[in-house]
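Here's the structure we're looking at; comments come further down.
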Amino acid sequence: MFLDSLAMIALAYIFGFLYYGLYRNISARVHGRFGPSLAQSFFDSIKLFLKENSTNFGWMFYAGPIIMMIGAITTLLFIPYLNGSEHLVGLSQYGNLILVLYLMVLEPLGNAMGIGSNGNPFGVMGITRGLTRLIGLELPFYIAAIGLMIANHSADIGVIMTNQSEGYNAFTHPLLFIGAFISFLGFMGKSPFDVVGAPQEVYSGPATEFSGKFFAIALSQSAIFSFAKLLLMVNLFLGGAQSLVELVAKTFVLFLVAVLVGNVYARFTTAQSVEFLVRVPTGIALVGLLFV
Amino acid sequence: MPENTQEGFIDQQKVLDNEEYSIKNTQSIIQKAVDWFRARSMFVLAYGTGCGAIEMPPIFTSRYDIERLGVVGVATPRQADILIVSGYCSYKTLKRVIRSYEQMNEPKYVIGLGSCTINGGMYWDSYNTIKKLDEYLPVDMYINGCMPRPEALIEGFVKLQDNIRNAKSEAGYIQYRENNAFYRANQEKIFGKNTTPTFEENFAGMNQ
Amino acid sequence: MFNFAMTPLGNLFFGLTLIVFASLLLIKNERRDLPLHILLFASLGVIFYASDLITLFVGWEIMSWSSYFIIAKSARIETLQKYIIFNLAAGFALLGAIVLIVAFAGTTLYGEIDFGKVPEALRVPITLLLFVTIAIKSGIMPFHYWVVDTYEESDHIFSAILSAIISKAGIFLFIVIFSQIIGYRYLHGSLFDILAWLGVITSIVATFKAISQEELKRLLAYSSIAQIGYIVTVLALLEGSGIEAGLYHTIIHTLVKLLLFVNIASIIYITGKTKFSQLGNLLYDYPALFILLLIGIIALAGMPPLGGFNSKFLIYTTLLEKKKALLLVAVMFSSASAFLYCYKLIYGIYLGQASGDKEGYRELPMSFYIPQFIAAIILVLLGILPSLGIALFNPILGSLGFEVSSYSSLFELHTAFASFNGGVLMGLFGLVFALILLLVTSMRSKAVKVRDRYDISYCGETPDPQNNLHYGYGMGQELRRISFIRVILENSTATYWEHISKLSGDSSVMVKKLYSLGTQYIGLFILLFFTILLFLGVR
Chain A
1151 MFLDSLAMIA LAYIFGFLYY GLYRNISARV HGRFGPSLAQ SFFDSIKLFL
1201 KENSTNFGWM FYAGPIIMMI GAITTLLFIP YLNGSEHLVG LSQYGNLILV
1251 LYLMVLEPLG NAMGIGSNGN PFGVMGITRG LTRLIGLELP FYIAAIGLMI
1301 ANHSADIGVI MTNQSEGYNA FTHPLLFIGA FISFLGFMGK SPFDVVGAPQ
1351 EVYSGPATEF SGKFFAIALS QSAIFSFAKL LLMVNLFLGG AQSLVELVAK
1401 TFVLFLVAVL VGNVYARFTT AQSVEFLVRV PTGIALVGLL FV
Chain B
258 MPENTQEGFI DQQKVLDNEE YSIKNTQSII QKAVDWFRAR SMFVLAYGTG
308 CGAIEMPPIF TSRYDIERLG VVGVATPRQA DILIVSGYCS YKTLKRVIRS
358 YEQMNEPKYV IGLGSCTING GMYWDSYNTI KKLDEYLPVD MYINGCMPRP
408 EALIEGFVKL QDNIRNAKSE AGYIQYRENN AFYRANQEKI FGKNTTPTFE
458 ENFAGMNQ
Chain C
436 MFNFAMTPLG NLFFGLTLIV FASLLLIKNE RRDLPLHILL FASLGVIFYA
486 SDLITLFVGW EIMSWSSYFI IAKSARIETL QKYIIFNLAA GFALLGAIVL
536 IVAFAGTTLY GEIDFGKVPE ALRVPITLLL FVTIAIKSGI MPFHYWVVDT
586 YEESDHIFSA ILSAIISKAG IFLFIVIFSQ IIGYRYLHGS LFDILAWLGV
636 ITSIVATFKA ISQEELKRLL AYSSIAQIGY IVTVLALLEG SGIEAGLYHT
686 IIHTLVKLLL FVNIASIIYI TGKTKFSQLG NLLYDYPALF ILLLIGIIAL
736 AGMPPLGGFN SKFLIYTTLL EKKKALLLVA VMFSSASAFL YCYKLIYGIY
786 LGQASGDKEG YRELPMSFYI PQFIAAIILV LLGILPSLGI ALFNPILGSL
836 GFEVSSYSSL FELHTAFASF NGGVLMGLFG LVFALILLLV TSMRSKAVKV
886 RDRYDISYCG ETPDPQNNLH YGYGMGQELR RISFIRVILE NSTATYWEHI
936 SKLSGDSSVM VKKLYSLGTQ YIGLFILLFF TILLFLGVR
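Chains as they are written, first to last, in this note's numbering: chain A, 1151 to 1442; chain B, 258 to 465; chain C, 436 to 974.
This is the structure we're talking about:
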């Protein structure tokens, strides 16, 4: 089980950074540039790990990125990778969808604690924006999750995944999928829901004081965490995957859509994004929920 | 070390390029790998001090696309590796530049963009502009011109990456740490004793 | 005359009362009136162990009055009026319901009451009277008007008792009277649907109100209202699993509010300040208090791996089982918004930059830590052993005649929908934390402590203590830009209650006029009265 979990984390780390590299590349192509190499994000994180020193604001600041990393890793370990496989399941038999939804909030919490303790007002501004956005962001996703849990009469991710052999939830519950997908775009932190770290407005937002190894851990956890989110979407709506190749294909498609949407849209303000999320995707998902 | 007799780009660059000045190439394999990563990924804090600032944005655009080389702009000094001082630097700005530089984490490098950072350029007799940036902050790479074109800036980045990768010259931040009294004295000539922050205090924290 | 019985339910609530009172009475407080506290404690015991309705009512009234006199020591007169009017109304409503039940059932003993004897037409009014009692005591909208001011203005330690225990008396009454005395089969389901929605609307509104508060204790008071909203919602499902979830949340909320109110009391004791805008950056001065508050808000937000998650999990799965999807959406929305006030609480006090100087701060006595430690330890323990709560509730469910839920091990919390293992979760957290910490500390990169608190990246500028860098005051203000939250924040039930109070004032003036007309008219009235009486008697 330990090796299994380690393999999950390592795969998520590699794919997360690879996808982030792809994101930079695709954005570059959209802008008409060549873009950096695929491994550039990986190089960045290694370089940050190798900085001679990192600014520390005290023990809570030190613990903040660690809590973020715990949030990312625990979320990942409670989501099975493959459909019907004995490998790469992590601890998923000990958890369920509700637990995963709550573990997903641990990462913002660690972020908030670490950043709050450094006393930089820009960081806290970013955090408040993030938590305010979370009000709107979680609503459609929760509705979709509730719909799926009621439809399958189980909160077990494995059960929801295997019950899709006749048709993906994305097609049997299309409205739930649309609602959850818009909210997923926000969870990925791309435009138009990227108010949290908007560099033109709040410096670097939450990351303002993170440097060296702390920033490296924050980057690594965000790579792992975004892969976990992709995985969750694939498991809930696209029927999971039988093999790693299928998994990569499905997650990549989701990721590509998120990146392309992010490149096209301008940024919402905090209030706009909450209002949009509470009206449009929530409305769509609620209609979907009534069908369930 | 050769004497720096005249003020001017040629002499200044000669000093930096000199064999005696550069350290001997004694990297261990691990250090080589570390330096390779450092050269491969550079986060830039572009401090738009003077008119040179206008030459920096183009390098991130699709025409020049410096992201190919692993150079990315960041907003906060905490994450930055490279400080670009772009052009003339008034006393008031210098204070902020030094503050930003001292908040950066080591290893850190400074690029002086334009003639003004070398000898004051057209501001050579200005009452409120520094003449030689190197007296206040250790410069790792000068880019000559008034204004240097973005191509020149890119070449500067390439050369700096080469320097870092092969450890061709001692990095500026080590000089700043070791000869801090010199830089500090020069800074105090302008700002007086009550300059904030003081590097010694920052540096003392490292041993904790 | 007075009948008592030891029931498992009474034992649970009395146990919680004992924990709260015992740990709080250890704290030295010159302003505390010990006899009144003992009276309050005894009255709670009477309520929880009563086995007839009259005893219950007597206990209820003593509880209301003894807390009134305790609050009277520090509260303003308006607050006291609010408190006593609402609680008298609650008492009258309870008395009315009891009288109606006893009149038809013919007995006051819990075990012998047969609600079937009460005529159909009176069942709805009795239920409504009981709703009013419960809603007032636990602060369900629109009867929460008295709660916030009372919590804010009572003694800082007594607020903990108010929130942790006295608000739970309403919950206890709900369970006892509806499931034990009346029985769910006689109840009108649609009325309870309305109550469930009232509960969840209460929690949503109170959550947003909490975010926008500037006073520490007002934030906690609104949070209290919100949390009890969940309990009422889940109890109003009229299910055995609902009672289980409600009781679990009762325990968690009692512990969390004990911890948080004592923590806030400690901060107010140390600093003498009560507003977010005056505090900040106490983290490194009082690390133990900070960690205790962190445990408290993690449990309050219902995040794993602490006990708070278990009760949230049970609430969600209960709602899922009953297929109350919209209700569940509303509960989840409210609890997702709650993160913001949880963060405001911890950030405003402990994190960020200090606002103002720290002179004149008092030393904190150790006794302030004891209640917090007890609560924190139980919360962590419940996180590791989530089925410990189920083991506690099984006898209660059995005695109330519900199906007892089974559990294979204490580590695993099992429901029809899903299960999770608290031990594995906590173990994973510990392991990952240790591994990452090892990784971070062994890294080449050295962590360099900053020179001072103001060495932050601030666009190259050097801020000084005169710059106000604390964000605690402004946090939550920008929520007003979001239209539906602005509607919540700008409206309150206060206008409604003020209107009612004005109406009653006017009508009392009219009554007063009758008496000031003169003696001859009074004789006329007496004549009129006897005529009507005669007329009625003839018919």
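Heads up, the beta-carbon is just placed ideally off N, CA and C, and yes, glycines get one too. It should be emphasised that the depicted structure is a prediction, and the values quoted were computed from it without experimental measurement.
Buried or exposed: which applies to ARG1183 (chain A), given that a residue is buried once 16 or more other Cβ atoms fall within 10 Å of its Cβ? What you label residue 1183 (chain A) is simply residue 33 of the first sequence in a count that begins at 1. Looking at its Cβ environment, which holds 16 or more other Cβ atoms inside 10 Å, ARG1183 (chain A) is buried.
Applying the criterion that 16 or more other CB atoms from any shown protein chain within 10 Å of the CB defines a buried residue, is LYS289 (chain B) buried or exposed? Indexing the second sequence from 1 puts residue 289 (chain B) at position 32. Exposed, by the Cβ-count rule.
Let's see if you can read the secondary structure: which residues bound the alpha helix (DSSP H) around SER343 (chain B)? Residue numbering aside, residue 343 (chain B) sits at position 86 when the second sequence is read from its first letter. The continuous stretches of alpha helix (DSSP H) do not include SER343 (chain B), which lies in the beta strand (DSSP E) extending over residues 339-343.
Report buried or exposed for CYS346 (chain B), applying the criterion of at least 16 other Cβ atoms within 10 angstroms of its Cβ. Numbered from its first residue, the second sequence carries residue 346 (chain B) at position 89. CYS346 (chain B) should be labelled buried.
Interface partners of ASP397 (chain B) on chain A, CB under 8 Å: One-based indexing of the second sequence puts residue 397 (chain B) at position 140. Within chain A, no residue comes near ASP397 (chain B); the closest Cβ sits about 15 Å away, beyond 8 Å.
Let me confirm a value: TYR1353 (chain A) is counted as buried when at least 16 other C-beta atoms fall within 10 Å, else exposed. Which label applies? For the purposes of this step, residue 1353 (chain A) is taken as the residue at position 203 of the first sequence. It is buried - the Cβ of TYR1353 (chain A) has at least 16 other Cβ atoms within 10 Å.
C-alpha gap between ILE750 (chain C) and MET1383 (chain A), whole angstroms: Within the third sequence, numbered from 1, the residue matching residue 750 (chain C) stands at position 315. Within the first sequence, numbered from 1, the residue matching residue 1383 (chain A) stands at position 233. For ILE750 (chain C) and MET1383 (chain A), the distance between alpha carbons rounds to 24 Å.
Determine whether the Cβ of GLY1438 (chain A) lies closer than 8 Å to any Cβ atom of chain C. Translated into the one-based positions of the first sequence, residue 1438 (chain A) becomes position 288. So, not an interface residue.
Per the contact definition of three or more C-beta pairs closer than 8 Å, is the region 1240-1254 of chain A in contact with the region 1391-1403 of chain A? As far as the Cβ criterion goes, the region 1391-1403 of chain A does not touch the region 1240-1254 of chain A, which means the pair count is below three.
Residues near LEU326 (chain B) in its chain [Cβ-Cβ closer than 8 Å; skip 5 each side]: Residue mapping note: residue 326 (chain B) aligns to position 69 of the second sequence, counting from 1. MET299, ILE411, PHE414, VAL415, GLN418, listed in sequence order.
Please report the Cβ distance between ALA1435 (chain A) and ALA1305 (chain A), rounded to the nearest whole angstrom; I am assuming they are in contact, meaning their Cβ atoms lie under 8 Å. Within the first sequence, the letter at position 285 stands for residue 1435 (chain A). Within the first sequence, the letter at position 155 stands for residue 1305 (chain A). Contact flag wrong, Cβ pair sits at about 17 Å.
Using a Cβ-Cβ cut-off of 8 Å, state whether TYR1292 (chain A) counts as contacting chain C. Reading the first sequence from its first residue, position 142 is the one you call residue 1292 (chain A). Output row for TYR1292 (chain A): interface = yes.
Taking DSSP's pairing of strands, which residues face VAL567 (chain C) in a bridge? Your numbering for residue 567 (chain C) matches position 132 in the third sequence. BP columns for VAL567 (chain C) are empty, so no partner.
Taking C-beta to C-beta, are GLY783 (chain C) and MET910 (chain C) nearer than 8 Å? As a working note, residue 783 (chain C) is residue 348 in the third sequence. As a working note, residue 910 (chain C) is residue 475 in the third sequence. Cβ atoms of GLY783 (chain C) and MET910 (chain C): closer than 8 Å.
On the DSSP bridge list, what partners appear for SER943 (chain C)? Taking the third sequence and counting its residues from 1, one reaches residue 943 (chain C) at position 508. For SER943 (chain C), which the question treats as bridged, DSSP gives no partner whatsoever.
Cβ neighbours of VAL328 (chain B) in the same chain (closer than 7 Å, five flanking residues each side left out): Translated into the one-based positions of the second sequence, residue 328 (chain B) becomes position 71. Closer than 7 Å at Cβ, skipping near neighbours: MET299, VAL301, PHE414.
Out of curiosity, what's the CA-to-CA distance linking SER1267 (chain A) and ARG558 (chain C)? Here residue 1267 (chain A) is taken as the residue at index 117 of the first sequence, counted from 1. Here residue 558 (chain C) is taken as the residue at index 123 of the third sequence, counted from 1. Their Cα atoms are separated by approximately 56 Å.
For GLU496 (chain C), name the three-state secondary structure that DSSP assigns. Start at 1 with the first residue of the third sequence, and residue 496 (chain C) comes out as number 61. Residue state, collapsed to three classes: helix.
Taking the straight line between their C-alpha atoms, what separation do you get for SER826 (chain C) and ALA680 (chain C)? Counting from one through the third sequence, the residue named residue 826 (chain C) turns up at place 391. Counting from one through the third sequence, the residue named residue 680 (chain C) turns up at place 245. Correcting the residue type first, residue 826 (chain C) is Ala in the shown sequence and not Ser. Approximately 13 Å, taken between the alpha carbons.
Residue from C:GLU465, C:ILE629, C:ILE506, C:THR442 with nearest C-alpha to VAL481 (chain C): Walking along the third sequence from the start, residue 481 (chain C) turns up at place 46. Residue C:THR442 is the option with its Cα nearest to VAL481 (chain C).
Residue interval of the beta strand (DSSP E) (run including PHE855 (chain C)): Indexing the third sequence from 1 puts residue 855 (chain C) at position 420. Note, PHE855 (chain C): beta strand (DSSP E), 854-856.
Determine the contact status of TYR619 (chain C) and LEU673 (chain C), defining contact as a CB-CB distance below 8 Å. Taking the first residue of the third sequence as 1, we reach residue 619 (chain C) at position 184. Taking the first residue of the third sequence as 1, we reach residue 673 (chain C) at position 238. In contact: TYR619 (chain C) and LEU673 (chain C) (Cβ atoms closer than 8 Å).
Against chain B, with Cβ distances strictly below 8 Å, would MET1158 (chain A) count as a contact? Counting from 1 along the first sequence, the entry for residue 1158 (chain A) is found at position 8. No, because no Cβ of chain B sits closer than 8 Å to the Cβ of MET1158 (chain A).
Starting from the N-terminal side, write out each stretch of the alpha helix (DSSP H) that is 4 residues or longer and does not extend beyond the region 372-413 of chain B. Every unbroken stretch of the alpha helix (DSSP H) spanning 4 or more residues and falling wholly within the region 372-413 of chain B is given here in chain order: 373-376.
Compute the Euclidean distance between the alpha carbons of VAL635 (chain C) and VAL667 (chain C), then round it to the nearest angstrom. Taking the third sequence and counting its residues from 1, the one referred to as residue 635 (chain C) is at position 200. Taking the third sequence and counting its residues from 1, the one referred to as residue 667 (chain C) is at position 232. Between VAL635 (chain C) and VAL667 (chain C), the C-alpha separation is close to 8 Å.
DSSP three-state assignment for VAL331 (chain B), whether helix, strand or coil: Position 74 of the second sequence, counting from 1, holds the residue named residue 331 (chain B). DSSP places VAL331 (chain B) outside both helix and strand once states are collapsed to three, so it counts as coil.
Please confirm whether VAL1403 (chain A) and ILE1285 (chain A) have their CB atoms less than 8 Å apart. Working through the first sequence from its first residue, we reach residue 1403 (chain A) at position 253. Working through the first sequence from its first residue, we reach residue 1285 (chain A) at position 135. Their beta carbons are not under 8 Å apart, which means VAL1403 (chain A) does not touch ILE1285 (chain A) by this criterion.
Just checking GLY865 (chain C) against the ligand ZN - is the residue's beta carbon closer than 7 Å to any of the ligand's heavy atoms? In the structure on display, the ligand ZN does not appear, and there are no ligands present to speak of.
Just checking, does the region 905-922 of chain C make contact with the region 707-717 of chain C on the three C-beta pairs under 8 Å criterion? With a cut-off of 8 Å, the region 707-717 of chain C and the region 905-922 of chain C count as touching, because enough Cβ pairs lie within range.
Quick check on the DSSP output: what are the complete beta strand (DSSP E) runs of length 3 or more inside the region 1265-1340 of chain A, in order along the chain? For the region 1265-1340 of chain A, not one full-length beta strand (DSSP E) segment reaches 3 residues or more.
Report the CB separation of GLY1412 (chain A) from LYS1340 (chain A) in whole angstroms; it is logged as a contact under 8 Å. Numbered from 1 along the first sequence, position 262 holds the residue referred to as residue 1412 (chain A). Numbered from 1 along the first sequence, position 190 holds the residue referred to as residue 1340 (chain A). Indeed, because the Cβ distance is near 3 Å, the residues count as touching under 8 Å.
Would LEU754 (chain C) be called buried (16 or more neighbouring beta carbons within 10 Å of its own) or exposed? Working through the third sequence from its first residue, we reach residue 754 (chain C) at position 319. Buried.
Under the three-state reduction of DSSP, which class applies to HIS591 (chain C): helix, strand or coil? Position 156 of the third sequence, counted from the start, is the residue given in the question as residue 591 (chain C). Three-state DSSP puts HIS591 (chain C) in a helix.
By DSSP, does LYS644 (chain C) sit in helix, in strand, or in coil? On the third sequence, position 209 is the one that residue 644 (chain C) refers to. Three-state DSSP puts LYS644 (chain C) in a helix.
What's the call for HIS472 (chain C), buried or exposed, on a 16-neighbour Cβ count within 10 Å? Reading the third sequence from its first residue, position 37 is the one you call residue 472 (chain C). Classification for HIS472 (chain C): buried.
Could you tell me the distance, in whole angstroms, from the CA atom of VAL697 (chain C) to the CA atom of ASN1319 (chain A)? On the third sequence, residue 697 (chain C) is found 262 positions in, with the first residue counted as 1. On the first sequence, residue 1319 (chain A) is found 169 positions in, with the first residue counted as 1. Taking the straight line joining both Cα atoms gives about 48 Å.
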